[in-house]
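Numbering follows this note's numbering, with no gaps: position 13 of the sequence shown is 15. For glycine and all other residues, C-beta sits at the position ideal for the given N, C-alpha and C. Since the model is a prediction, treat every value here as computed from it, not as a measurement.
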Amino acid sequence: MSVAVAATIALGATGCEFLSPAQTTEIKQITDGVDVSTGKIAVRNALLISDDGEQARFIGTLVNTAEKGDITLSIEVGGDTQTVEVPANTHVDLAMTTDTTAEGATEDTGTTTQGTEAGTGRDVVFDNADAKPGSLVKVYFSYSGAEGVSASVPVLTSSQEEYSTLAPTPTPTGTATTPSESGTEPTGDATAPGTQTGDSQTDSSSGDAGTNG
3 MSVAVAATIA LGATGCEFLS PAQTTEIKQI TDGVDVSTGK IAVRNALLIS
53 DDGEQARFIG TLVNTAEKGD ITLSIEVGGD TQTVEVPANT HVDLAMTTDT
103 TAEGATEDTG TTTQGTEAGT GRDVVFDNAD AKPGSLVKVY FSYSGAEGVS
153 ASVPVLTSSQ EEYSTLAPTP TPTGTATTPS ESGTEPTGDA TAPGTQTGDS
203 QTDSSSGDAG TNG
């Protein structure tokens with residue numbers, strides 16, 4: 003009987019383990035952005051930063067896993083396309099500088115770079131992204147020689163501390179003024195200092211002529 007009970011307990015324990023997946027097999031993405039790959043390019047932690055829903059800065063890491071050959075990647079958002087050159091065996095941080103002393107810099111831990119060398123960071127800003135904060139926006143990645151891929155990228159705002167300096171700055175718009183509006187031309191009946199009206203000049207000339215005669 004003890005053998006039967008032990009077998010039953012063992013079977014029950016095995017069944018529980020079978021129904022419960024091992025924690026090591028569960029893959030969880032702990033970053034704010036999304037990951038996607040096309041050809042030799044891996045896009046890591048991709049997201050958009052926008053406060054007004056129109057201008058949006060794309061941030062993330064582009065990794066060129068090819069040993070040889072630079073790749074020019076096209077990033078399309080809402081019909082607007084920007085290109086980024088990623089050298090071979092190099093990762094490029096968009097909107098993040100590789101200078102760790104600069105504002106907004108992040109320390110490279112190697113967790114998303116797949117052993118590649120660090121390239122020069124740069125900004126990628128879309129003026130008409132139609133990226134409503136809190137939404138997901140379709141972003142299309144492609145380059146010559148590889149099949150393009152799209153991803154639903156989250157749109158965050160600069161209200162979060164880690165993104166406080168990354169929202170695009172709206173382009174200032176000025177209103178042109180004409181010379182008359184700016185006050186550079188005289189208006190009204192004003193005359194130059196020391197001069198008189200036409201009638202007073204005529205009368206004065208006539209009087210002088212009569213006197214000289």
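8 angstroms Cβ cutoff met for residue i and residue j
i	j	result
S52	V157	yes
V65	Q116	yes
V79	A97	no
T74	T85	yes
T63	D95	yes
A277	A153	In the structure as shown, the chain begins at 3 and stops at 215. Residue 277 is therefore absent and cannot be evaluated.
I43	Y145	yes
Residue of the options minimising C-alpha distance to residue i
i	options	result
D223	Y142, F143, G150 and N130	Summary: the structure shown does not reach residue 223, with the chain confined to residues 3 through 215, and so no result is reported for it.
V155	Q162, V139 and A148	V139
D132	A68, A120, S146 and G81	G81
Y165	T83, L50, G41 and I43	L50
T159	K134, F143 and A90	K134
R59	R124, E163 and E149	R124
Neighbour-count burial assignment, residue i, 16 or more Cβ in a 10 Å radius
i	result
Q57	buried
D72	exposed
K70	exposed
T167	exposed
G112	Low confidence applies to G112: its pLDDT is 42, below 50, so where it sits in the model is not reliable, and the reading given next is rough at best. G112 is exposed by the Cβ-count criterion.
G147	exposed
F128	buried
G136	exposed
T171	exposed
T83	exposed
H93	buried
G41	buried
Whole-Å CB distance - residue i paired with residue j, under 8 angstroms assumed
i	j	result
I77	V141	6 angstroms
G121	V88	7 angstroms
Continuous beta strand (DSSP E) assignments of at least 3 residues falling wholly in the region 23 to 92: 36 to 40, 43 to 51, 58 to 66, 73 to 79 and 82 to 88
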